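First comes the structure, then the notes that go with it.
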Amino acid sequence: MSVRSKVIEAIQQIAREQHVTLPALSDDLSLHETGFDSLAFAILVARLEDETGVDPFTISEDAAFPATVGDFVRAYENVPA
Amino acid sequence: MSPREVFALRDHLGAELKGRTISDAQDVVSLTDVLRHTVLGGRLRELSGRAVLLKLSDQLRSGLAMIELDGIARRMLLCAPDLNPAHLGALIADAGIDAVVTDEPGRWAGTGVPLVVTAQLPLQMTAPATSERATEWLMLTSGTSGVPKIVGHTLEALTGAIVAEGPTRGQAPVWATFYDIRRYGGLQIFLRAILSGGSMVLSDPHEALADHVARLNARGVSHISGTPSHWRKLLMSGSAAQFAPAYVRLSGEIADQAVLDGLKAAFPNASVGHAYASTEAGVGFAVNDGLEGFPADYLGNRNGVEMKVVDGSLRIRSARTAHAYVGRSAAALTDADGFVDSGDIVELRGDRYYFVGRRGGIINIGGLKVHPEEIEAVINRHPDVRMSRAKSRRSPITGGIVVADAILTEGTDPARAKEIRDQILDQCRAQLASHKVPAVIRFVETLDVTPAGKLARTDA
Numbered sequence: 062m063s064v065r066s067k068v069i070e071a072i073q074q075i076a077r078e079q080h081v082t083l084p085a086l087s088d089d090l091s092l093h094e095t096g097f098d099s100l101a102f103a104i105l106v107a108r109l110e111d112e113t114g115v116d117p118f119t120i121s122e123d124a125a126f127p128a129t130v131g132d133f134v135r136a137y138e139n140v141p142a
Numbered sequence: 306m307s308p309r310e311v312f313a314l315r316d317h318l319g320a321e322l323k324g325r326t327i328s329d330a331q332d333v334v335s336l337t338d339v340l341r342h343t344v345l346g347g348r349l350r351e352l353s354g355r356a357v358l359l360k361l362s363d364q365l366r367s368g369l370a371m372i373e374l375d376g377i378a379r380r381m382l383l384c385a386p387d388l389n390p391a392h393l394g395a396l397i398a399d400a401g402i403d404a405v406v407t408d409e410p411g412r413w414a415g416t417g418v419p420l421v422v423t424a425q426l427p428l429q430m431t432a433p434a435t436s437e438r439a440t441e442w443l444m445l446t447s448g449t450s451g452v453p454k455i456v457g458h459t460l461e462a463l464t465g466a467i468v469a470e471g472p473t474r475g476q477a478p479v480w481a482t483f484y485d486i487r488r489y490g491g492l493q494i495f496l497r498a499i500l501s502g503g504s505m506v507l508s509d510p511h512e513a514l515a516d517h518v519a520r521l522n523a524r525g526v527s528h529i530s531g532t533p534s535h536w537r538k539l540l541m542s543g544s545a546a547q548f549a550p551a552y553v554r555l556s557g558e559i560a561d562q563a564v565l566d567g568l569k570a571a572f573p574n575a576s577v578g579h580a581y582a583s584t585e586a587g588v589g590f591a592v593n594d595g596l597e598g599f600p601a602d603y604l605g606n607r608n609g610v611e612m613k614v615v616d617g618s619l620r621i622r623s624a625r626t627a628h629a630y631v632g633r634s635a636a637a638l639t640d641a642d643g644f645v646d647s648g649d650i651v652e653l654r655g656d657r658y659y660f661v662g663r664r665g666g667i668i669n670i671g672g673l674k675v676h677p678e679e680i681e682a683v684i685n686r687h688p689d690v691r692m693s694r695a696k697s698r699r700s701p702i703t704g705g706i707v708v709a710d711a712i713l714t715e716g717t718d719p720a721r722a723k724e725i726r727d728q729i730l731d732q733c734r735a736q737l738a739s740h741k742v743p744a745v746i747r748f749v750e751t752l753d754v755t756p757a758g759k760l761a762r763t764d765a
């Protein structure tokens, strides 16, 4: 499974659990518009860390939290293996 | 002035009751004629009036030494086997120890302790001794890092709950406990065995659980106690099927509904009760209705035990509490009114109080206080979960999130893990505030339990 599909699947799983109705997930959708609150994002980052072994937001001190879904996916894609 | 009548352990051990024993995995010692025997090589007189450290590698000799020393020594300090040897010096100074009873006399040469007495089996014949004084019983608190606190009790305080319950009906019980008898929970059972006219089967940390259960059966154990973690381990082991005690007791940790129901199912003919006790507060109460928590009307004064809730924490005043912390810089054990603050947080729901956790065990989730025990109780309610542990995990977004490890019931199909995880999360979301719902649930094979029989909470 590609990193992108792992991330998208995790977003959809958490949306179901949290009863969040997601809009269509396009790369330029702002994370704010997903309907996720900070707890939902915290869950997402923790689960992706367990699945992929990385937490791109803790590794780099100056990493700004992404603004869009595309930025978020790229944060995981761009982690050096 | 005539001295007040002294009642010590030996005065509960007459020769009229036949067949009483105390045993471990290696030895069986008769309690019926124990008063005519000595584990101290006949040197009890030398220990009269002394402050004695009991530092033995096994429970059997420790128990026999307690029987001999109670009523003769001025005080005795019981050491659990996991005591860090680096703390011994501070404890010896704080308790004013001037004698040690040990099975390793060589280790005590040149330590400055003036009297070293070797405890040995088999017992030797001796003339029975007469109780001279009310010996002070010193115990160590568990679960604290650093030097443990020394807690002072009297035999009267230690046995207050046992005397209040009255004699057991029917045949004299054969008691056992998963605890070490040098801890409060285990000592209570040892004292019950002696006061009830029954026998005692000791645990052995090096024995496999299946062998332990086989030994409990062979010795006819009828009454047995342990922490919820001890019991969960037994239920998971599959060894419970061969065992049929009449009375099962839990203490030392929160007994949630899942473990109470699990024990009732495993031992359908047993009465299952949970007791609330701590080294400092003594035995508060026992709950025998099969439900977690305790009835709200236990607060107030009930059978000489007064309880109140202050800032969410249970406070207890009774003749069964310890009387002081012992040592040079010892803190006060009670508040100004004589109540011991247990640090156990309770919550009133309907007409019952429920234990939600320890004050010191709170984890911080995004600025909100969370008791891990409260989350574990909900997870444990899932029929396929045997045991769980909630903890905090650092999060770059919220600072912290709740994660949980869970052990599935033996024989659960691993292919059902995802389905079970979703069900647990649904259950948590229905019963807990959103910040308490675990972000991640991992299924694990084991969870660490401390030597005191409690779930290890290293991050709490």
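These protein sequence lines are chains A and B, in that order. Residue numbers for the first sequence follow my numbering, beginning at 62 and rising by one. Residue numbers for the second sequence follow my numbering, beginning at 306 and rising by one. We put the beta carbon where it would ideally sit given N, CA and C, even for glycine. Every value quoted in this text rests on a predicted model; they were computed, and no experiment measured them.
For the beta strand (DSSP E) holding residue i, just list the boundary residues, first then last.
i	result
B:F748	745–748
B:M612	610–615
B:I650	645–654
B:S618	618–622
B:L383	380–383
B:G704	704–713
A:Q106	A small correction: the amino acid at residue 106 of chain A is Val; Gln does not occupy that position in the sequence shown. From DSSP, A:V106 is part of no beta strand (DSSP E) but of the alpha helix (DSSP H) over 99–113.
B:Y489	It is not in any beta strand (DSSP E) - B:Y489 instead sits in the alpha helix (DSSP H) that spans 489–500.
B:G368	No beta strand (DSSP E) holds B:G368; the alpha helix (DSSP H) holding it covers 364–374.
B:A695	690–700
B:A629	629–631
B:A395	First-last for B:A395: 393–400, but that is the alpha helix (DSSP H), not the beta strand (DSSP E).
B:R607	605–607
B:V658	Note on identity: in this sequence residue 658 of chain B is Tyr, with Val being the wrong assignment. From DSSP, the beta strand (DSSP E) with B:Y658 extends over 657–663.
B:T751	Taken as a continuous stretch (DSSP letters only), B:T751 belongs to no beta strand (DSSP E), as it is neither H nor E.
B:A404	404–407
So the candidates are the options; which of them puts its Cα closest to the Cα of residue i?
i	options	result
B:D753	B:V651, B:L361, B:A695	B:A695
A:T82	A:Q74, A:I104, A:G114	A:Q74
B:T407	B:M371, B:S436, B:G376	B:M371
B:G786	B:A481, B:F483, B:R622	Chain B is shown only over 306 to 765; residue 786 of chain B falls outside these bounds and no answer can be derived.
B:I650	B:R620, B:A641, B:G662, B:I706	B:G662
B:Q728	B:I684, B:D316, B:I327	B:I684
B:G457	B:G451, B:S534, B:W413, B:T440	B:T440
B:L314	B:T473, B:L336, B:D646, B:D332	B:L336
A:P127	A:L109, A:D89, A:T113	A:D89
A:S91	A:N139, A:V130, A:E138, A:V134	A:V130
B:P719	B:T703, B:R747, B:L737	B:R747
B:R633	B:E351, B:G672, B:L349, B:A395	B:A395
B:S367	B:G354, B:A400, B:V405	B:V405
B:L426	B:R620, B:V339, B:V357, B:A432	B:V339
B:M505	B:R654, B:V333, B:V707	B:V333
B:G490	B:P419, B:R520, B:G587, B:W413	B:G587
B:A356	B:K741, B:C384, B:R654, B:D403	B:D403
B:P472	B:V707, B:D710, B:A498, B:E681	B:A498
B:A738	B:H676, B:L443, B:E750	B:H676
A:F97	A:A71, A:M62, A:F133, A:A76	A:A76
Show which residues of chain B have a CB atom less than 9 Å away from the CB atom of residue i.
i	result
A:E78	D727, L730, D731, R734, V742
Interface residues of chain A around residue i at Cβ under 7 Å?
i	result
B:T703	S99, L100, A103
B:V745	A107, R108, D111
B:P698	It is worth fixing the name first, because residue 698 of chain B is Arg in this sequence and not Pro. Per Cβ cutoff of 7 Å: A107.
B:S739	L100
At 8 Å on the CB atoms, spell out the chain A contacts of residue i, in chain order.
i	result
B:V708	A107
In the DSSP assignment, the alpha helix (DSSP H) including residue i goes from what residue to what residue?
i	result
B:R537	533–542
B:A722	722–736
B:N685	677–685
A:T67	Residue identity differs from the one stated: residue 67 of chain A is Lys in this sequence, not Thr. Unbroken alpha helix (DSSP H) run through A:K67: 64–79.
A:Y9	With chain A covering 62 to 142 only, the question about residue 9 of chain A has no answer from this structure.
B:I668	Not the alpha helix (DSSP H): B:I668 falls in the beta strand (DSSP E), residues 668–670.
Nearest chain E C-beta to residue i closer than 8 Å, yes or no?
i	result
B:S530	Protein chains A and B are contained in the structure displayed, whereas chain E is not.
Legend entry - Whole runs of the alpha helix (DSSP H) within the stretch 424–481 of chain B, excluding any shorter than 4 residues: 460–463, 465–470
Legend entry - Near-chain B residues of the stretch 92–123 of chain A (beta-carbon distance less than 8 Å), N- to C-terminal order: S99, L100, F102, A103, I104, V106, A107, R108, D111, D116, F118, T119
Inset, instruction - Quick one: which residues of the stretch 713–737 of chain B get their C-beta closer than 9 Å to a C-beta of chain A? List them in chain order. - result: D727, L730, D731, R734
Inset, instruction - Taking a Cβ distance cut-off of 8 Å, strictly less, list which residues of the stretch 662–687 of chain B are near chain A, in chain order. - result: G671
Legend entry - Members of the stretch 487–505 of chain B that neighbour chain A once the beta carbon cut-off is set at 8 Å: none
Inset, instruction - Identify every run of the beta strand (DSSP E) within the stretch 531–601 of chain B, keeping only runs that are complete inside it and at least 3 residues long; order them along the chain. - result: 552–555, 576–583, 587–592
Legend entry - beta strand (DSSP E) runs contained entirely in the stretch 307–358 of chain B, provided each spans 3 or more residues: 326–328, 333–335
Legend entry - Segments of 4+ residues assigned as alpha helix (DSSP H) that fall wholly inside the stretch 505–534 of chain B: 514–523
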